[in-house]
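Visitor: Okay, here's the structure, questions in a sec.
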Amino acid sequence: MKRLLLSVCFLIFISANVKAQTPHIIKGRTIDTTSTTLLAGTSIAVLNAKDSTLVKFTRAAENGAFEINGIKNGKYILLVSYPKYADFVDHFTLDSTTQVKDFGKVNLTGMAKILADVIVKGNRNAIKIKGDTTEFDPKAFNIEPNSKVEDLIKQFPGIQVDKDGKITAQGKAVQKVLVDGEEFFGDDPTLVTKNLRADMVESVQLYDKASDQASFTGIDDGEKTKTLNVKLKEDKKNGYFGKAQGGYGTDDYYNGQFMFNKFWGKKKFSAYGILGNNGTVGLGWDDRDKYGGSGNMTMTDDGGMYFSNSGSDDFDSYDGQYNGQGIPVARTGGLHFDSKWNKDKESLNTNYKIGSIRVKGDRNTISQNNLSSGVINNVSDQYNDNDMFRQKLDATYEVKLDSTLTLKVNVDGTLKNSNTFNDYTTSSKDGRDSLLNTTKRTLINKVDEQMFNANALLSKRFQKKGRTLSLNLNQAITKSNSDGYLNSENSFYETTGRRDSLINQYKVNDITNNAFKSNLAYTEPLTKTMTVIVNYGLSLMNGKSDRKSFNKSANGNYDILDREFSNDYELDQVINQGGAIFNYKKGKTVINFGSKFSGVNFKQTDLYNNKTYDRKFVNYMPQASYQYRFSQQKSFRISYNGNTNQPSLDQVQPIRVNTDPLNISLGNPDLRPSFRSNFNANYNSYKVLTNQSIWLSGSYSFTANPIVSDVITDASTGRSSYKSVNINDRMAKSFSVYAQSSRKINVIDLNAGLNLSTNGNSSYNYINNELNNTKNYSYNLGIDLNKYVEKKYSFYINSGPTYNVSRASIGNFGNSDGWGWNGYASGNVQLPGKFSLSTDAQYEFRGKTQTFNETFERLLWNTSLTKKFLKSDNLKLMLTVNDILNQNVGFDRTAYNGNITQSSYTTIMRYFMFSVIWDFNKMGGGLKTSK
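Read in order, the letters of the sequence shown are residues -20 to -1, 1 to 911 in mature numbering (1 follows the signal peptide of the UniProt record, and there is no 0).
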């Protein structure tokens, strides 16, 4: 009896198990939605829902029917495809409850009549990853009539566009936007994204652009620029289009914009103009080009030095940047032309820009200077009135001399005039609230600058595949002449009583630079998979910095030279550079490794003190990278770069700068180079059918023998002096990690993303001969949600918390940890009667810290109501409200080397504006949108 019972149980178990493991059947019939025609030969694929791998495949019979057998339990995707029809995608699950999955009629819609509610848009191959390039297909996204490229790229996974049009891709700022691989007005990406029509775009590519020479040889030289390339449709390259906009609002705010583009064949002509005082400056003043400044020294990549305008001297020229501080008045315009001819053997790309910007505003700053003996609290009120006028002309000519020889020449010239006026009132107190000093200071300066750059690249390909020879030559000349006045009334409250100091000086600065650089590179294939590139470069540089300060004499003239704050300095350099880089490429793997070396000979002459400094350095720049491409949609890359950093000239030459009498800088001729090692890694993955993307990146760097500041502060007066020194037994470190994942939630047709980022650094400085270690960390979490419903509404939301940590080893006063929250949202709703409502809001919260016992919170909310006219909806009347809640209070908070600073400043606040916008377009293909 017991055996019989066991046998029955065993048979029941086997029967149940067999039933559970019985393979499933899926079936259905494919039909044209419009004509109800049966579609024979339709492609039927069953994919694994987890990784989109193919499980089973068949084709529909003559009557459109299909059946697939032998499918096990699990989650799957049904993909049905037929030429000239939209793909059908459905997610389904097979389990023991259902043996046959019948899809019934599978309705396919012809491409000419695609309905948004029939297909899943995300099933298009929206993203392709080709090596280092990510390519987006606009057909997989929504394109509204008259929308711009900016509206399109806002929908791309991994890309964010802020309210000012600045683009961030995979956690890094996009610096260039090209059109068909060519420069389009050069230094202002928004001239492309805000003006080119989205329906003209065939594809958009995202990549790190290499230098011309590296692009030719195919081997990385370490120079990278995050770039978007907008490729146009062939039928959109003939005709004209543009936009005209004018608006006027309360408080006399106004804005005017005009953009005209004419494309014909292989020629493009564009013109634009911008006028306004509402913050839409439209200026991408890229004046900080190589060798393009005045005042201080900056390092070149081979270890040389040149004078630039990137320093902190208050007598530097105004660079024309507007970052939301102050009230701007901008007037700018430009012309662009490019063409190809002679069977594409010759091409020309040229731009001309002219414009001015003036910014006025107030700024209040409170700061805490942390010493081992206590703290010094500073308060500063500043008024500034700065303006700049600039003209820039550039041209690029490229010619294919024969099938193997190419010459590319770039030339640009800039004329710039700037005027600055800064008025300061400052005071300092110690930790016991005792007054240490007060200062009233005025700086007036005028600067005239001329810049010229010429670059030529001659490239030769030999008959043997992979063998190349290229020669790059560069000549740069800059001149800067400035003059201005420093007036300062300083009072120091010492234990012996009050001591007053007056400064009334006229300053004249004359700076010139002349630099010639060359690089000869030869590539040779050693095997089918291994290539080597060897290079040699010679650079000759000379510069002169003549800075004079004059005190006023009894007769009222500024004719008494103050030698303490004057100098005449000359610098001559000879740089020899050589190196070898090996490149291995086989299948899905690319490996790059090697190093460059340079010998730098400096001759520095201090003409005032009749001293000469002869210095020689050997720099080395190792590099290595590994890249693996798993598939068309997945890749991984890790790289290492090392480089020697020479001290800058203002750090080594004996210059005393007194434009801020409370902070005097000193030179240190004994400074030595530092060496920085950089590690970078990134991983990209995109799943086509699930529309899921993952972007991971990280970097870590450490600097040996770092150059740090040595600050001596007189605690009794609050006066400080600064110089740079090396630290032998410490390393400065920094890191960053960025992770983003996004996917489409098909049930509610919503794109969702999650991004995590953290970055930090550990730096050193001396404070009154004590070594201070400052550690700063930032942690950020963000959630992205966006949805686009054609002709109805769209929205985008990004929000998340932040936590910032700042720790100083000297005392506890330098610690400043605090929570924060950042949020941004934008939306658009299509209303009846051709009305639409758009809105965007930016939220910022900064919590209390050990140093600042007040929180900061603001919500910047803007909205606009638009009425469309004409058949093509290309005429609009728009009412805009800027900063509805009137909360745009300028604010920033920073911590560095034990010093903590918080500032508030003038900004553009609430106003109403009425605008008229006309989009005109007569291009090949008309006004139809692409789906």
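Here a beta-carbon is modelled for each residue, glycine too, at the ideal position from N, C-alpha and C.
Less than 6 Å between C-beta atoms, sequence neighbours within five positions excluded: which residues of the same chain meet that for LEU855?
Guide: PHE849 and TRP898
Visitor: Does the pairing of the segment 608 to 626 with the segment 645 to 663 give three or more beta-carbon distances under 8 Å?
Guide: Under the Cβ criterion (8 Å, minimum of three pairs), the segment 608 to 626 counts as touching the segment 645 to 663.
Visitor: Note down the Cα distance separating LYS333 from ILE687, rounded to an integer number of angstroms.
Guide: 39 Å
Visitor: Just curious, the alpha helix (DSSP H) that THR170 is in, first and last residue?
Guide: 170 to 173
Visitor: For LYS771, which residues in the same chain have their Cβ closer than 7 Å to its Cβ, ignoring the five residues on either side in sequence?
Guide: The answer, listed in chain order, is GLN810.
Visitor: Give the range of the beta strand (DSSP E) segment to which VAL727 is assigned.
Guide: First-last for VAL727: undefined, no H or E at that position.
Visitor: From the DSSP output, in three-state form, read off LEU95 for me.
Guide: Caution applies to LEU95, whose pLDDT of 37 falls short of 50 and renders its modelled position unreliable; the value that the coordinates give is listed next. Three-state result, LEU95: coil.
Visitor: Is it a yes or a no for the segment 499 to 506 touching the segment 514 to 522, going by three-plus beta-carbon pairs under 8 Å?
Guide: yes
Visitor: If we call anything under 8 Å between Cβ atoms a contact, is PHE530 one with GLN557?
Guide: Not in contact: PHE530 and GLN557 (Cβ atoms no closer than 8 Å).
Visitor: Would the beta-carbon of ILE48 fall within 8 Å of that of ILE6?
Guide: yes
Visitor: Residue range of the beta strand (DSSP E) that VAL896 falls in?
Guide: In this chain, the beta strand (DSSP E) harbouring VAL896 covers 891 to 903.
Visitor: Is DSSP giving LEU132 helix, strand or coil here?
Guide: helix
Visitor: Could you give the DSSP three-state label for PHE545: helix, strand or coil?
Guide: DSSP places PHE545 in helix when its eight states are reduced to three.
Visitor: For SER32 and THR77, I'd like the C-alpha separation in whole angstroms.
Guide: 24 Å
Visitor: Within 8 Å, do at least three Cβ pairs link the segment 572 to 592 to the segment 537 to 556?
Guide: Two segments are said to touch when three or more pairs of C-beta atoms, one from each, lie closer than 8 Å; by this definition the segment 537 to 556 touches the segment 572 to 592.
Visitor: Leaving out five residues on either side along the sequence, give the residues of the same chain with a beta carbon under 7 Å from the beta carbon of LYS509.
Guide: As written in the sequence, residue 509 is Thr, which differs from the Lys given in the question. Cβ within range, chain order: TYR564, LYS565 and LYS566.
Visitor: Kindly identify the DSSP beta-bridge partner or partners of ASN357.
Guide: GLN348 and LYS409.
Visitor: Can you give the Cα-Cα distance for LYS211 and VAL181, rounded to whole angstroms?
Guide: 6 Å
Visitor: Which residue marks the beginning of the beta strand (DSSP E) containing MET180, and which one marks its end?
Guide: Per DSSP, MET180 belongs to no beta strand (DSSP E) and is neither H nor E.
Visitor: Using only alpha-carbon positions, find the residue among GLY579, LYS380 and GLY827 that is nearest to VAL598.
Guide: GLY579
Visitor: Under DSSP, the beta strand (DSSP E) around LEU469 begins and ends at which residues?
Guide: A small fix is needed here, since residue 469 is Glu in this sequence, not Leu. Start and end: 448 to 474.
Visitor: Rounded to whole angstroms, how far is the Cβ of ASP365 from the Cβ of LYS340, which I believe are closer than 8 Å?
Guide: 5 Å
Visitor: Going by C-alpha distance, which of PRO653, ALA604, ILE24 and THR38 is nearest LEU58?
Guide: For LEU58, the closest alpha carbon among the candidates PRO653, ALA604, ILE24 and THR38 is that of ILE24.
Visitor: Nearest by alpha-carbon distance to GLY762: which of ALA805, GLN455, LYS128 and SER742 is it?
Guide: ALA805
Visitor: DSSP three-state call for LYS828: helix, strand or coil?
Guide: coil
Visitor: Are SER789 and ASN753 closer than 8 Å when you measure CB to CB?
Guide: Result yes, Cβ atoms of SER789 and ASN753 sit closer than 8 Å.
Visitor: Excluding the 5 residues flanking LYS55 on each side, which residues of the same chain have their C-beta closer than 6 Å to its C-beta?
Guide: Excluding residues within five positions, the ones whose Cβ falls inside 6 Å are ALA29 and THR73.
Visitor: Counting beta carbon pairs with one atom in the segment 393 to 405 and one in the segment 350 to 369, are three or more of them shorter than 8 Å?
Guide: yes
Visitor: Alpha carbon to alpha carbon, what distance is there between GLY227 and TYR891?
Guide: 12 Å
Visitor: Could you tell me whether the Cβ atoms of PHE815 and LEU859 are closer together than 8 Å?
Guide: no
Visitor: Express the C-alpha separation of GLN553 and ASP282 in angstroms, rounding to a whole number.
Guide: Annotation note: pLDDT 43 at ASP282 (below 50); position unreliable, coordinate value reported separately. Cα-Cα distance, rounded: 12 Å.
Visitor: Unbroken beta strand (DSSP E) runs of length 3 or more, entirely within the segment 756 to 822: which are they?
Guide: Within the segment 756 to 822, the beta strand (DSSP E) runs of at least 3 residues that lie entirely inside it are, in chain order, 773 to 788 and 798 to 811.
Visitor: Just to confirm, does SER319 get its C-beta within under 7 Å of one of the non-hydrogen atoms of the ligand PLP?
Guide: As far as ligands go, the structure on display features none, and thus does not contain the ligand PLP.
Visitor: PHE240 and GLY256: beta carbons closer than 8 Å?
Guide: Between PHE240 and GLY256, the C-beta gap is not smaller than 8 Å, which leaves the two residues out of contact.
Visitor: What is the rounded straight-line gap between the Cα of THR829 and the Cα of TYR663?
Guide: 36 Å
Visitor: Buried or exposed for THR592, going by 16 or more other Cβ atoms inside 10 Å?
Guide: Under this definition THR592 is an exposed residue.
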